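Novice:
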Amino acid sequence: PFKTYRESLTAFASDIYALGLEGGKCVKPGVPVGCGFYDPNNLYMEPSRKIISANTGEATYASNDQPDPHQVGIPSSFGMDFVVVELSPELNGQALTIKFIVPPRAVAEFIVQIWRLKEADGNARLQSVRNLMTITDDVHSLNREEGWVYVIQEIDTTEIDRLVLIIVRVDNQEKLDPRGEYTISIRQ
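Under the working numbering, the first residue of the sequence shown is numbered 55, with each subsequent residue one higher.
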């Protein structure tokens, strides 16, 4: 029961990403307990993702860093990207700022979810809070020109070892903006 198409698309992107996590794909409805997505005909494969390292406390992921070298940003309306930010133990106790920037004249609109993950027994597991926050024009926003900002005041690497940005293009203006460019900047 979603109120808007954006809510539905955002939830769908979350479920698609969760397919690759332990317990993400159900073998049948509700099995195993806590699984997030039942796909009886195996229509949805584990999504590709870009992995960047924040080991030095600084990293940038720009449109030319996409997994597909022919793709810049999210060119298709309602497309999605998954970016994993690995957090090294050296970042424990440090603050981290994530900035999501769209070029000033861009037409593309995005919703970005940030998840906290921790690997246990060789499998990535979601923390108890799946959707840590959703970045939109009205949440944690400087403004569209300066970018949207999310700050973690103190990283606890015993609780999380990566962040996942689930980026969904939610406009239908791919003819006006066939690139769908964005940049992610990460710094201490």
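From the three backbone atoms N, C-alpha and C, an ideal C-beta is built for every residue, glycine too.
Source: prediction; values computed, not measured.
By Cβ distance, which residues of its chain are closer than 6 Å to A116, with the 5 residues on each side in sequence left out?
Specialist: Around A116: T237.
Novice: From which residue to which residue does the beta strand (DSSP E) around E140 run?
Specialist: 134-140
Novice: Quick check on the DSSP output: the alpha helix (DSSP H) that includes E235 runs from which residue to which?
Specialist: Annotation for E235: no alpha helix (DSSP H) segment contains it, and DSSP assigns it neither H nor E.
Novice: Measuring alpha carbon to alpha carbon, tell me which of I240, E228, L219 ends up nearest P129.
Specialist: Scanning I240, E228, L219 for the CA closest to the CA of P129 turns up E228.
Novice: For the alpha helix (DSSP H) containing T64, list its first residue and its last residue.
Specialist: 59-72
Novice: Pick from N96, L171, T211, E163: whose alpha carbon is nearest that of V137?
Specialist: Looking at the Cα atoms, L171 is the closest of the given residues.
Novice: Determine the closest residue to S107 out of A162, I152, I221, with distance taken between C-alpha atoms.
Specialist: I152
Novice: Just to confirm, is the Cβ distance from V161 to D231 under 7 Å?
Specialist: yes
Novice: Thinking just about the alpha-carbon of each residue, which of P157, D69, L145 is nearest to the one in Q207?
Specialist: L145
Novice: Of the residues Y71, R233, D225, P157, which one's Cα is nearest the Cα of W202?
Specialist: P157
Novice: For Y98, I'd like the list of residues in its chain whose CB is within less than 7 Å of its CB, leaving aside the five on either flank, ordered along the chain.
Specialist: Closer than 7 Å at the Cβ level, and outside the excluded window around Y98, lie I70, L73.
Novice: Checking 7 Å against the spacing of the C-beta atoms, do T64 and V222 come in under that value?
Specialist: Cβ distance < 7 Å, so T64 and V222 count as in contact.
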